[in-house]
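>
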Amino acid sequence: MGPILAWLEAMPTSPKCMANARSTRLVWYGLLAATSGVLILAMLPPILPAPLQAVVREGFAPVCHQLPGRSPHFGGVPVALCDRCSGIYVGLVVGVLGTGWGTNLWVVLGAYGRYVLLGALVPLGLDWGGPLLQLWGNGPTSRILTGLLFGSVAASYVTARLLHRKARASGTGGPE
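Letter by letter, the sequence shown follows residues 1 to 176 in this note's numbering.
(1) Would A80 and V56 be called neighbours here (beta carbons separated by less than 7 Å)?
(2) Below 6 Å CB to CB, which residues in the same chain sit around L32 once its five sequence neighbours on both sides are set aside?
(3) At the level of alpha carbons, what is the spacing between A169 and R161?
(4) So, at 6 Å on beta carbons, what are the nonlocal neighbours of C85 in its own chain, with the 5 sequence-adjacent residues on each side left out?
(5) Taking N104 as the reference, give the member of P78, V122, G130, A155 with the closest Cα.
(6) For R114 and P62, what's the separation of their Cα atoms in angstroms?
(7) Suppose you measure from the CA of S71 to the CA of H164; what does that come to, to the nearest Å?
(8) Which of the three DSSP states, helix, strand or coil, is assigned to K166?
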C-alpha cells in the first residue's frame with residue numbers, strides 16, 4: 001500500500017479533521033484556478049480588441065520575449081507568450097491537476113524529488129542551447145513540449161509541497 005493510501009486510511013474522520021482536509025483541498029482549487037486563469041489570460045489576445053491585446057501582451061512582457069515568429073498564433077494574432085512559455089504555462093495547469101489526482105509521486109521520491117525537478121530542466125536547456133551553439137535547430141513543437149515537461153514537473157513539485165505543508169499545519173498530518 002502506498003504512503004498516501006495509508007495516510008488517508010489512518011486519517012481521523014472527526015469534523016475538525018474533515019474541515020482541515022477541506023481547507024487543504026481549497027488550496028489545491030486555488031492553485032488550479034490561479035494557474036488556469038493566468039494561462040487563459042495569456043491566450044486571450046487573439047479574441048480581444050487591439051488596445052486590450054497590447055495591455056495583455058505588456059503584462060506578460062517581463063516574463064517572455066513574445067517574438068511573433070516564436071509564438072503561437074490564432075487567427076493571425078499571436079498570444080501573449082512564446083512557444084516555450086506557452087508549454088510551461090499549460091504544464092503548470094497540468095502539474096497542479098496531476099498533483100490533485102492520484103497518488104503522490106513526490107512522497108515516494110522523497111529527497112530525490114528535487115533531482116527529478118532539476119532533470120526536467122535538462123531537455124528544456126538542451127532545446128534552448130542547441131540552436132544557440134549552432135549544434136541543431138528547434139521548432140515550435142520541441143519548444144512547446146520541453147516547456148510542457150518542465151512546467152508540469154515544476155507545478156506538481158511545488159503543489160505537492162504546498163499541500164503537504166497545509167495538511168501538516170491544519171492538523172491532518174499529511175504524508176511523511
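Using N, Cα and C, we set each Cβ at its ideal position, and we do this for glycine too.
Per the coordinate set shown:
(1) Taking the sequence shown and counting its residues from 1, the one referred to as residue 80 is at position 80. Taking the sequence shown and counting its residues from 1, the one referred to as residue 56 is at position 56. Taking 7 Å as the Cβ cut-off, A80 and V56 qualify as a contacting pair.
(2) For the purposes of this step, residue 32 is taken as residue 32 along the sequence shown, with counting starting at 1. Taken in chain order, the residues that qualify are V96.
(3) As a first step, residue 169 is located in the sequence shown; it is residue number 169 there, counting from the start. As a first step, residue 161 is located in the sequence shown; it is residue number 161 there, counting from the start. Roughly 12 Å between the two C-alpha positions.
(4) As a working note, residue 85 is residue 85 in the sequence shown. Correct list, in chain order: C64.
(5) Against the sequence shown, residue 104 aligns to sequence position 104. Comparing Cα-Cα distances from N104 to each of P78, V122, G130, A155, the minimum goes to A155.
(6) Taking the sequence shown and counting its residues from 1, the one referred to as residue 114 is at position 114. Taking the sequence shown and counting its residues from 1, the one referred to as residue 62 is at position 62. Looking at the two C-alpha atoms, the distance is approximately 27 Å.
(7) Numbered from its first residue, the sequence shown carries residue 71 at position 71. Numbered from its first residue, the sequence shown carries residue 164 at position 164. Linking S71 to H164 through their CA atoms gives a straight-line distance of about 36 Å.
(8) As a working note, residue 166 is residue 166 in the sequence shown. The answer is helix: DSSP assigns K166 an H, G or I state.
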